[in-house]
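Protein chains: 2
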Amino acid sequence: MNVTLRQLGYFIALAEERHFGRAAARVHVTQPALSTQIRELEDRIGTALVDRSGRGFSLTPAGQDVLASARRIVGEVERMEANVRWQDGLRGRLKLGIIPTVAPYLLPQALPLLRARDVTLDLRLREAQTEALLGELSDGLIDAAVIAVPSGVPGLIEEPLFMDRFLLAGRREPIAEMRRSGQVPRPGELNPSQLLLLDEGHCLADQALEVCGTSRVSTRVDLSASSLPTLCGLVAAGFGQTLLPEIACVPETAAAPEMDVVRFAAPEPMRMIGLVRRDLGGPDGWFRELAEILQEAGEALLAKAAAI
Amino acid sequence: MNVTLRQLGYFIALAEERHFGRAAARVHVTQPALSTQIRELEDRIGTALVDRSGRGFSLTPAGQDVLASARRIVGEVERMEANVRWQDGLRGRLKLGIIPTVAPYLLPQALPLLRARDVTLDLRLREAQTEALLGELSDGLIDAAVIAVPSGVPGLIEEPLFMDRFLLAGRREPIAEMRRSGQVPRPGELNPSQLLLLDEGHCLADQALEVCGTSRVSTRVDLSASSLPTLCGLVAAGFGQTLLPEIACVPETAAAPEMDVVRFAAPEPMRMIGLVRRDLGGPDGWFRELAEILQEAGEALLAKAAAI
DNA sequence: TGAAAATGATAAGTGACGGTTATGAACGTT
DNA sequence: AACGTTCATAACCGTCACTTATCATTTTCA
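Note that the protein sequences, when read in sequence, are chains D and S. Going by my numbering, the first sequence opens with residue 3, and the numbers climb by one from there. Going by my numbering, the second sequence opens with residue 3, and the numbers climb by one from there.
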């Protein structure tokens, strides 16, 4: 029998995690499955790769060599797969992940542009939170993702798309009053107990807390929403205020007439929305093409919101 | 699911054979097995790799790219396996093939030298004819082989070991008479009907025919031996003459007192015995080391025969 | 020092995958 | 038109890789 790519992948995970259990979790199998595959790899290659004698985890010298080769091999495989999929630019099947606070606003704008560019594109969309998307990205389950950048993950290629400013959203009347009086709000001056947030896991919630200089414990833990439209509904009903991304302002104010938004004083708080992918070293024409389209869509959205 | 090394190997075979059936034979599976794996590879990679429309076999552009990547990948895998096995020179398990007309003479001499060099060496020997050994070599079933060189196979690394001259072997009396009278035989002057040969497939038989300038049909087809000791027995019994490799002379004349040998006139016919391996681009210290030992053993054998 | 936790190996059972043979469909050849 | 070649498909089957459960060993902590 021969060495398999699966074994090499498991071995790389093991070498990097330095722990059988964690490595197994990383490759989405149980620990015994990984153990047997590692043992099988050692048998087939004819040498011990992992030093099981001492306490601390360590690779044998042969293991070091195999690790280097294995990285080259699986890297080349990934490069091959990417090359062949994107050799003609943006075509074929594309799996794109988008965070929930961007998807419902950017997609209606971007999809027609994508269709206009290439009708043969088989686009698979996945809406999930940043953490899930990053995991799926590194697993190769999705090809790219639209998230807030910088992600802080090494080995990712990030292409900034547009700056998404945060606006203060509240019930119509108090906001209108602020407008009339020329009273421009500042993020740090918001009342934390009045601040409504998305559920745990949404990067927008973390960003809102950060710009307000507060923490989740000081907010109303009994009230959080799982989507921006829901959150805006709460705001419109007078349950409090929130920070609303600029790209969401137009549709959400239209959907909730009792809610209004107002810009913060400069420097306005904001998030940078970007397109990210793994660095596989292959051609990236499709990526730049996609980024261009999304950028165009985002800027169109922002132009609509500029009037506010 | 992910691409497997098996699929890449099958695809390389297919691309090189340009024929599903032949490619399947080359990788030792049946045609449907190869077909399904190729189809599976295409599915997983997301593109057609083989153009099945026209009659002539051809790869798609994507197929060309994948072929290049696949070659790099399996090459790297093979390099990795070779590296790790031979990183410390000649140690570990070594599978060596030797042709039958060399094995019984060279091995008794070489094995003690190998043992002296490294007692940990786990040597697996395989005695088979050249064609079988070359096949097993390219399949990676053996690490190296001792055959007559040049093999004429591209992509093989050949290390000449020693020159093995052919001597004329016949019944004791006529040979002794030739010796006394100073009558030195010439290969071309032998009587083909008197020439005894090994069975079909032994390179020694082909070489004997070549140096005698004759063909198998003109020899006694009803009499051929499957091993040199048997052949020498026939010679000793007076059934004819044969060409005996120099390395076989001492043991065979000792074993068959009724047989004797005499050197041909210069230029003496001969074969070059060499050590061959696949070119995997890795370290080849073990190979040179092995070649050195075998060369030493061969030269010791020849020194014994020089007295004849 | 002894109990608990952590870590990796082993065992038993099961599903999926890759292999085989048999057969079918498409196409060129005689 | 019948046949042969070539590749795809079908049906069946053994092996392999996964799972859960458990064990052995080592580390940690009271």
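Positions of the beta carbon are idealized from the N, C-alpha and C atoms, including for glycine.
No residue range can be given for LEU51 (chain S), since it is assigned to no beta strand (DSSP E) and is classified by DSSP as neither H nor E. DSSP places ARG279 (chain D) inside the beta strand (DSSP E), whose first and last residues are 272-280. Per DSSP, THR255 (chain D) is one residue of the alpha helix (DSSP H) stretching across 248-257.
Interface flag for GLY283 (chain S) against chain D is unset, since no Cβ pair is found closer than 8 Å. Cβ proximity to chain S below 8 Å picks out ASP67, VAL68, SER71, ALA72, ARG74, ILE75, GLU78 and VAL79 from the region 66-79 of chain D.
Under the DSSP assignment, GLY172 (chain S) falls in the beta strand (DSSP E) whose first and last residues are 158-173. In the three-state reduction of the DSSP assignment, ARG128 (chain S) falls in the strand class, which pools E and B. With distances taken between CA atoms, ARG81 (chain D) lies nearest to D:PRO285 out of D:ALA305, D:ARG265 and D:PRO285. Residue pairing by DSSP places ILE101 (chain S) opposite no residue, since no beta bridge is assigned to it. Secondary structure of SER228 (chain D) (DSSP, three-state): coil. For ALA130 (chain S), the CB contacts under 7 Å within the same chain, skipping 5 residues up- and downstream, are GLY99 in chain order. Between VAL79 (chain D) and VAL5 (chain S), the C-beta spacing is below 8 Å. In this structure LEU108 (chain S) is in contact with ALA299 (chain S), their Cβ atoms being roughly 6 Å apart against a cut-off of 8 Å. Counting along the chain, ALA309 (chain S) sits inside no alpha helix (DSSP H), nor does DSSP assign it H or E at all. For LEU211 (chain S), the number of other beta carbons within 10 angstroms of its own is at least 16, and it is reported as buried. GLY48 (chain D) belongs to the set of residues whose beta carbon lies under 8 Å from a beta carbon in chain S. A residue is called buried once 16 or more other Cβ atoms fall within 10 Å of its Cβ, and PRO152 (chain D), having fewer, is exposed. For GLN66 (chain D), the three-state secondary structure derived from DSSP is helix. Comparing C-alpha distances from THR103 (chain S) to each of S:PRO253, S:VAL186 and S:VAL263 shows the shortest one belongs to S:PRO253.
With fewer than three CB-CB distances shorter than 8 Å, the region 144-162 of chain S does not count as touching the region 263-270 of chain S. For ARG81 (chain S), the chain D residues whose Cβ falls inside 8 Å of its Cβ are SER71, in order along the chain. Relative to LEU136 (chain D), the option among D:THR32, D:VAL52 and D:ALA150 whose CA is nearest is D:ALA150. Contact with chain S is absent for ASN193 (chain D), since none of that chain's Cβ atoms lies less than 8 Å from the residue's Cβ. Contact check for GLN33 (chain S) against GLY23 (chain S) passes: the beta carbons are separated by less than 8 Å. Collapsing the DSSP output to three states places ARG20 (chain S) in coil. Assignment of LEU143 (chain D) by DSSP, reduced to helix, strand and coil, places it in the coil class. When the alpha-carbon of GLN111 (chain S) is set against those of S:ALA309, S:GLN297, S:ALA308 and S:ALA27, the nearest one is in S:GLN297. Taking the beta carbon of LEU7 (chain D) as reference, the chain S residues within 8 Å of it are ASN4, VAL5, THR6 and LEU7, listed in sequence order. The continuous stretches of beta strand (DSSP E) do not include ASP201 (chain S), and DSSP gives it neither H nor E. Under the three-state reduction of DSSP output, ALA150 (chain D) falls in the strand class. Excluding residues up to 5 positions away in sequence, HIS30 lie with their Cβ nearer than 8 Å to the Cβ of ASP141 (chain S) in the same chain.
Comparing C-alpha distances from LEU36 (chain S) to each of S:ALA50, S:VAL219 and S:ALA15 shows the shortest one belongs to S:ALA15.
Residue contact with chain S for VAL86 (chain D): present (Cβ-Cβ distance below 8 Å to some residue of chain S).
With fewer than 16 other beta carbons inside 10 angstroms of its own, GLY154 (chain D) counts as exposed.
Residue pairing from DSSP places LEU96 (chain D) in a beta bridge opposite D:LEU125. Contact annotation for ARG95 (chain D) against chain S: GLY48 [CB-CB distance below 9 Å, chain order].
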